[in-house]
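Trainee: Encoded as C-alpha cells, here's the structure I'll be asking about.
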Amino acid sequence: MLYIFDLGNVIVDIDFNRVLGVWSDLSRVPLATLQSRFQMGESFFQHERGEISDEKFAQEICHELELPLSYEQFAAGWQAVFVGVRPEVIAIMHRLREQGDRVVILSNTNNLHCQFWPEHYPEVQAAADKTYLSQEMGLRKPDPHIYQRLLNLEEMSAAEAIFFDDNRENIEAARALGIHSLHITDADVIPAFFADRIAGG
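Start counting the sequence shown at 1; every next residue gets the next number (the numbering used here).
Next comes the structure, spelled out in C-alpha cells:
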C-alpha cells in the first residue's frame with residue numbers, strides 16, 4: 001500500500017494564531033485586527049505553488065494586513081506556526097515502512113516554512129520514503145493533478161493508496177480520484193485507524 005500523509009495537523013501540529021500573535025507583538029497591531037484581516041488569498045496560493053518568492057509573499061501579506069514589519073520580523077512570525085510533532089504518527093509511519101508499505105508526505109507548504117521544519121523536526125523526513133511539496137511540484141491540493149502526479153511518480157494506482165489530511169476539500173478531491181481518504185479532525189484519528197491494522201499498533 002501507499003500511505004500519503006499531509007504534514008500540518010496530521011504529522012506536525014500547527015496554529016496560525018501563533019503567527020498572528022508574533023506579528024501583533026512586533027507591529028503593535030491588535031491581534032483581533034489581524035485575525036479579522038488575515039485570509040488565505042491568491043498570494044498565499046502562489047507562494048505555496050512556488051510562483052512568488054518569500055520576499056514578495058512577505059511584502060504582499062504585510063500590505064494586505066497593513067503590517068509595518070521587516071522581512072526578518074515577518075519570517076519570525078511565519079515560522080511560529082509550528083507547535084510540535086505528533087510522535088504517535090511518526091511511530092506509525094515507521095511501522096508501516098517496516099512491514100513493507102510505502103510512506104510519503106504530500107504537503108501544501110512553501111519555501112519559507114521549509115527553511116524551518118526539516119531542521120527542527122528531522123524525525124519527520126526520517127519517517128517517510130519521500131516528501132512531495134507543493135512549491136516544488138508547482139501544484140497544491142486540492143488540484144486533482146497533484147494527486148495524479150504523485151500516483152504516477154510512485155507507480156501506484158488510486159486503489160492502492162490511502163490519504164490522510166486535515167482539510168475536507170483536499171480529502172474530497174482525493175476521494176473523487178478513487179483514493180481512500182481519511183479526514184483528520186484531531187490527533188486521535190490516525191492512531192485509532194491503525195489500532196488493529198499494523199503490527200504493534
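Every residue, glycine too, gets a C-beta built ideally from N, C-alpha and C.
All of these numbers come straight from a predicted model, not from anything done at the bench.
Let me confirm a value: tyrosine 71 is counted as buried when at least 16 other C-beta atoms fall within 10 Å, else exposed. Which label applies?
Mentor: exposed
Trainee: Among residues of its own chain, excluding the 5 on either side of phenylalanine 5, which ones have a beta-carbon nearer than 6 Å to its beta-carbon?
Mentor: Ile11, Ile105, Phe164
Trainee: Lysine 130 lies in the beta strand (DSSP E); which residues open and close that run?
Mentor: 130-133
Trainee: Does the region 84-103 come into contact with the region 127-134, if we say contact requires no fewer than three beta-carbon pairs (one atom in each stretch) closer than 8 Å?
Mentor: yes
Trainee: Quick check on the DSSP output: the alpha helix (DSSP H) that includes phenylalanine 57 runs from which residue to which?
Mentor: Where phenylalanine 57 is concerned, the enclosing alpha helix (DSSP H) starts and stops at 54-65.
Trainee: Could you tell me which of Ala187, Val29, Ile162 sits nearest to methionine 1, measuring between CA atoms?
Mentor: Ile162
Trainee: What are the boundary residues of the beta strand (DSSP E) that phenylalanine 5 is part of?
Mentor: 2-5
Trainee: Are the Cβ atoms of glutamate 123 and proline 191 separated by less than 7 Å?
Mentor: No, the pair does not count as a contact, with Cβ atoms beyond the cut-off.
Trainee: Quick check: aspartate 54 and leucine 112, are their CB atoms within less than 7 Å of each other?
Mentor: Closer than 7 Å, so yes.
Trainee: Flag this pair as yes or no: are the beta carbons of lysine 56 and asparagine 108 separated by less than 7 Å?
Mentor: At the C-beta level, lysine 56 and asparagine 108 stay beyond 7 Å of one another.
Trainee: Span of the alpha helix (DSSP H) holding isoleucine 105?
Mentor: In the DSSP assignment, isoleucine 105 falls outside any alpha helix (DSSP H) and lies within the beta strand (DSSP E) extending over 102-107.
Trainee: Mind listing, in chain order, the continuous alpha helix (DSSP H) runs of no fewer than 4 residues lying wholly within the region 130-185?
Mentor: 134-137, 144-154, 168-176
Trainee: Looking at the unbroken alpha helix (DSSP H) that takes in glycine 77, where does it start and where does it end?
Mentor: 71-79
Trainee: Sorry if obvious, but does the Cβ on glutamate 123 come closer than 6 Å to a heavy atom of the ligand SAH?
Mentor: With respect to small molecules bound, the structure shown includes none, and the ligand SAH cannot be examined in it.
Trainee: Leaving aside the five residues before and after proline 68 along the sequence, list all residues of the same chain whose C-beta is less than 6 Å from its C-beta, in chain order.
Mentor: Answer for proline 68: Ser27, listed in chain order.
Trainee: Going by C-alpha to C-alpha distance, which of Ser36, Asp15, Asp101, Val22 sits closest to arginine 197?
Mentor: Asp101
Trainee: In terms of alpha-carbon separation, which member of Arg37, Ile179, Asn110 lies closest to proline 144?
Mentor: Ile179
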